[in-house]
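Notes to accompany the following structure.
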Amino acid sequence: MIQHKKIAIIGGGPGGLTLARLLQLKGLSVKVYERDLNKEVRIQGGALDLHTDSGLAALEKAGLMDEFKSNFRPGAELMRVTDHQAKIYADQHAEENHYDFGDKNYRPEIDRGPLRDILLNSLEPGTVVWNSHILSIEQMENKWKIFFENGNTIVADIVIGADGANSKIRPFVTNIQPFWTGLTMIEGSIKNSEKTAPNIHQLLKGGKIFAYGNEKTILVSSKGDGSLGFATSHKSTEFWYKESGINFKDNKQVLAWFKKEYADWSPIWLELFEDENTVFIPRPQYCMPLNQKWKANENITLIGDAAHWMPPFAGEGVNMAMLDALQLSEALTNPALSNTQKAIETYEKKMFRRFEKIGQMTLFNTEWMHQPNALNDMLSMFGKNKLKQGLFLLRYMFNVTVIPFTRKYLGLAPHKI
Numbered sequence: 001m002i003q004h005k006k007i008a009i010i011g012g013g014p015g016g017l018t019l020a021r022l023l024q025l026k027g028l029s030v031k032v033y034e035r036d037l038n039k040e041v042r043i044q045g046g047a048l049d050l051h052t053d054s055g056l057a058a059l060e061k062a063g064l065m066d067e068f069k070s071n072f073r074p075g076a077e078l079m080r081v082t083d084h085q086a087k088i089y090a091d092q093h094a095e096e097n098h099y100d101f102g103d104k105n106y107r108p109e110i111d112r113g114p115l116r117d118i119l120l121n122s123l124e125p126g127t128v129v130w131n132s133h134i135l136s137i138e139q140m141e142n143k144w145k146i147f148f149e150n151g152n153t154i155v156a157d158i159v160i161g162a163d164g165a166n167s168k169i170r171p172f173v174t175n176i177q178p179f180w181t182g183l184t185m186i187e188g189s190i191k192n193s194e195k196t197a198p199n200i201h202q203l204l205k206g207g208k209i210f211a212y213g214n215e216k217t218i219l220v221s222s223k224g225d226g227s228l229g230f231a232t233s234h235k236s237t238e239f240w241y242k243e244s245g246i247n248f249k250d251n252k253q254v255l256a257w258f259k260k261e262y263a264d265w266s267p268i269w270l271e272l273f274e275d276e277n278t279v280f281i282p283r284p285q286y287c288m289p290l291n292q293k294w295k296a297n298e299n300i301t302l303i304g305d306a307a308h309w310m311p312p313f314a315g316e317g318v319n320m321a322m323l324d325a326l327q328l329s330e331a332l333t334n335p336a337l338s339n340t341q342k343a344i345e346t347y348e349k350k351m352f353r354r355f356e357k358i359g360q361m362t363l364f365n366t367e368w369m370h371q372p373n374a375l376n377d378m379l380s381m382f383g384k385n386k387l388k389q390g391l392f393l394l395r396y397m398f399n400v401t402v403i404p405f406t407r408k409y410l411g412l413a414p415h416k417i
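Terminal number for the sequence shown in UniProt numbering: 417, no gaps in between.
Structure follows, in structure tokens:
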């Protein structure tokens, strides 16, 4: 069906690289076009927890589990839940029995850099074409011509958009737009956290912190190089990051904003904003409509955030992308499917169903975690044992599909960013 076709994957994130690996194992001709200058570019963002039935399943199929087990960080998945005063209400470090590989609820943690290296090293030499920032694509009968910012152009038989939330490929697949969720996140990273943020470093204990209260959250995660990544989230207007007047490249302005916005939070959290070398990135939070669907094309499709952008409050983003890669690779190489359009349709139908289910859980978490009394409500719901309450909460939020309360999100009108 596609044995002699040229496949272009746009975007070299975990989803795109996983797909390239899986297709190459089937003997297919694949190129990945990535906008980063080279593989040495430092990856932003926190660590990733991979799930048994999605991210880990894709790595297993790709033959990369041994490499993963040599590079993941045991204990980095353990979480502490605190209130805004940094009082601990749940501590997975205190559990006697932790999960391990083979347990459905185990979510081993790996830094983004090592995961990318595992995937890159598994590919045939020259698979990834660096410094390839896409400008646009143009249909040529049954092929696609792709134009890059560096002046290069290529022609491909099949194009797969793995190019993230602001995908250049998505408009050629669908005109469905995301809707605004009412939140903005501020993301940052601190080097040598033991020295630059000693109190947070101690509270972190090599794992994660999830602090929330007063309709706001702070999520902190450790990294293997001694740094930490963090993100705040707060309710805001859609274009607050522009209209606030804050220059996010001026750390003093960002610190002043945090002191005002999080005025009733413990001073311990100031450590996240006091390092003059921290780079802050505002990230308005959008979500694709949960009932999105489109007619399958014969030679173009989407995976990852390009297909189903959503907030990060269920830890499903990278896992969805890698499972997309697995299911798309299986469909494209399935001899029982008569042509590429049927293969893409088969994949997309599965993806749509998964996204509606996971999206419901994600939006439930997004809304619930930013309620005024979220922590107190959780404590009153599950009895008097605070440790059991917190650990139940973690599993409830991150391991269980929530009842479909989010029907109000299904019919939202498309919103153009």
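Beta carbons: idealized from backbone N, C-alpha and C, even for Gly.
Predicted, not measured: the structure shown is a model, and the values here were computed from it.
On a CA-only basis, which of the options is nearest residue i? Give me that one, please.
i: P372; options: G15, N199, T217 and H4; result: T217
i: Q253; options: R42, E276 and S233; result: E276
i: V30; options: K6, G15, G46 and S136; result: K6
i: I137; options: G126, H4 and G151; result: G151
i: H84; options: Y212, Y33 and M65; result: Y212
i: residue 498; options: F352, P335 and L323; result: No information on residue 498 is available, as it lies outside the stretch 1 to 417 that the chain covers here.
i: D250; options: A336, S233 and E274; result: E274
i: T174; options: H201, A86 and T301; result: T301
i: I118; options: E149, L64, S338 and F147; result: L64
Nearest-angstrom Cα distance between residue i and residue j?
i: I2; j: I10; result: 18 Å
i: D91; j: L326; result: 34 Å
i: L183; j: A314; result: 15 Å
i: L387; j: L78; result: With a pLDDT of only 48 at L387, under 50, the local geometry of the prediction cannot be trusted, and no value is derived from it.
i: W368; j: A374; result: 7 Å
i: W240; j: I154; result: 39 Å
i: L328; j: I344; result: 7 Å
i: K195; j: V318; result: 30 Å
i: V32; j: G126; result: 9 Å
i: I303; j: E124; result: 21 Å
i: P14; j: L59; result: 10 Å
i: S70; j: L48; result: 15 Å
i: G12; j: R35; result: 8 Å
i: W294; j: W144; result: 19 Å
Run the CB neighbour count on residue i, radius 10 Å, all protein chains shown included, and call it buried at 16 or more, exposed below.
i: I209; result: buried
i: V279; result: exposed
i: T366; result: buried
i: D53; result: exposed
i: N299; result: buried
i: A256; result: exposed
i: P171; result: exposed
i: A8; result: buried
i: E40; result: exposed
i: G390; result: Residue placement at G390 cannot be trusted, given a pLDDT of 49 that sits under 50; the coordinates are not used to answer.
i: K384; result: Only weak support exists for where K384 lies, its pLDDT of 46 falling under 50; the value from the coordinates is given anyway. With fewer than 16 other Cβ atoms within 10 Å, it is exposed.
i: G207; result: buried
Going by the CB atoms, is the gap between residue j and residue i shorter than 8 Å?
i: L120; j: V129; result: no
i: H308; j: F355; result: yes
i: E271; j: N199; result: yes
i: E187; j: R283; result: yes
i: A197; j: L228; result: yes
i: R21; j: A62; result: yes
i: I176; j: P289; result: yes
Since residue i and residue j should fall inside the 8 Å C-beta cutoff, what is the C-beta to C-beta distance between them, to a whole number of angstroms?
i: E109; j: F72; result: 6 Å
i: A162; j: L19; result: 7 Å
i: M185; j: Q285; result: 6 Å
i: K205; j: H93; result: 6 Å
i: residue 440; j: C287; result: Since the displayed the chain opens at 1 and closes at 417, residue 440 lies outside it and no answer follows.
i: S189; j: Q44; result: 7 Å
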